[in-house]
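Here the structure is laid out as structure tokens; the discussion comes afterwards.
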Amino acid sequence: MKPSRFSHSLMVQFYPATMESVILSPITVWGSSATKHDIHRLQCIIRSAGKTTGVKRPTLLDLHTSRTRRRAEKIITDASHPGHHLFQGLPSGQRFSQMRIKTTRSQRSFFPHAITLMDS
0 MKPSRFSHSL MVQFYPATME SVILSPITVW GSSATKHDIH RLQCIIRSAG KTTGVKRPTL
60 LDLHTSRTRR RAEKIITDAS HPGHHLFQGL PSGQRFSQMR IKTTRSQRSF FPHAITLMDS
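Going by numbering that gives the first Met the number 0, the first residue of the sequence shown is number 0, and it counts up by one from there.
This is the structure in structure tokens:
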């Protein structure tokens, strides 16, 4: 994206529509298990797009947290979703039951991370 080819308003509209939806959509799935190198490269893309448009963009961590919360809320409200049963509430009704997981690979997957985010 060259700043001189497009108008500023078009660039500001293009970034959320394209960059955040196409490049950052899989972040909810693999974001909690991404390597430092992956996170750094995506953060550089976000920073350069912010400089190009002249608008400060949210950080990768903020995007990951908001998208994970939004996706978890959709799963909680949709009883037909295959992962709906994983969001079991505790008797107090304020928190969700944590999953019993033995491997770190499984701990970094979407559902345990989403449950932890929804509890906080």
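Beta carbons are placed, not taken as given, at the ideal position from N, Cα and C, and that holds for glycine. This structure is a prediction, so every number in the text was calculated from the model and none was measured.
One or two residues paired with residue i in a DSSP bridge
i	result
residue 95	88
Run of the alpha helix (DSSP H) containing residue i, from where it starts to where it stops
i	result
residue 105	103–106
residue 37	35–52
residue 17	Taken as a continuous stretch (DSSP letters only), residue 17 belongs to no alpha helix (DSSP H), as it is neither H nor E.
residue 57	No alpha helix (DSSP H) holds residue 57; DSSP gives it neither H nor E.
residue 78	Unbroken run through residue 78: none, as it is neither H nor E.
residue 116	109–118
CB-CB length for residue i against residue j, believed under 8 Å
i	j	result
residue 60	residue 41	Contact flag wrong, Cβ pair sits at about 11 Å.
residue 117	residue 78	Going by Cβ atoms, the distance from residue 117 to residue 78 rounds to 17 Å, so no, they are not a contact pair.
Check whether residue i and residue j have beta carbons under 8 Å apart
i	j	result
residue 26	residue 44	no
residue 86	residue 74	yes
residue 76	residue 113	no
Original post:
Within the chosen definition, does the stretch 101–111 reach the stretch 27–40 through at least 3 CB pairs nearer than 8 Å?
Top reply: yes
Could you tell me whether the stretch 92–104 touches the stretch 53–60, where touching means 3 or more Cβ pairs closer than 8 Å? no
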